[in-house]
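Written out below as structure tokens is the structure these notes cover.
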Amino acid sequence: MEMRDQILASAQRLVQQRGFNGFSYADIADEVGIRKASLHHYFPTKTDLVLTLVEVYTAQLEAELLRISNAPSPANAKLRAYAEIYHGTLESGRMCLGGMLATESLTLDPALLPSLKRFFARNTEWLTEILAVGHVQHLFVLTGSAADHARMLLSALQGALLIARATGDHAAFDMTVSLLISGLLRKG
């Protein structure tokens, strides 16, 4: 793995575990085995590093969403696969990078906020598409617009992840996911 990729991998783990304000260049330098000053060659500022990190993380998400979308499965299975992304993050002892940065949004460099907003918008767009397809397939009953339900699902999954991480209650996260999806399903 090239040094730039090692730096990004280290930064991603640190942000997902500690948040933007919970790590320094010294932490990354120690982990990847270079001098702190050398990090500035790759990323002049911490904001530059995290801007790139959000872009990389969003691209990773996009690839996963494409994989789920292309699967020959109904919308409810695709929604469960999306929730599995969160479950995997929880099991790895991390938070969603977007969610972690959102908790610190008032202290972040304003240059990071448009990328963070795009990350959440992409999640909402994808969920809206899946919910709309599920509604057309007569799988989901929507009491509001698909976009409204998408925002609710995204918020609930981010919140459930945060609470499960704080409490260590992974079963509660799984129950929340189950209730969210079963609440959408057409009965009978």
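Those letters in the sequence shown? Residues 6 to 193, per the working numbering, in order. Here a beta-carbon is modelled for each residue, glycine too, at the ideal position from N, C-alpha and C. Computed from a prediction, not measured in an experiment: that's the story for all the values here.
Check	Outcome
C-alpha gap between GLY104 and THR148, whole angstroms	26 Å
DSSP state of PHE145 mapped onto helix, strand, coil	strand
Integer Cβ distance of LEU185 from PHE145, believed to fall under 8 Å	With 8 Å as the limit, LEU185 and PHE145 do not qualify as a contact, their Cβ atoms being about 11 Å apart.
Contact check, LEU44 vs TRP131, beta carbons under 9 Å	no
Cut-off 7 Å between Cβ atoms - residues of its own chain near ASP32, not counting five sequence neighbours on either side	LEU19
6 Å Cβ shell around ALA137 - same chain, five flanking residues per side excluded	ALA151
Alpha-carbon spacing of ASP35 relative to ASN26, whole angstroms	17 Å
Coil, strand or helix - LEU113 by DSSP	coil
Euclidean distance between Cα positions of GLU7 and TYR47	11 Å
Straight-line Cα distance separating MET100 from LEU167	7 Å
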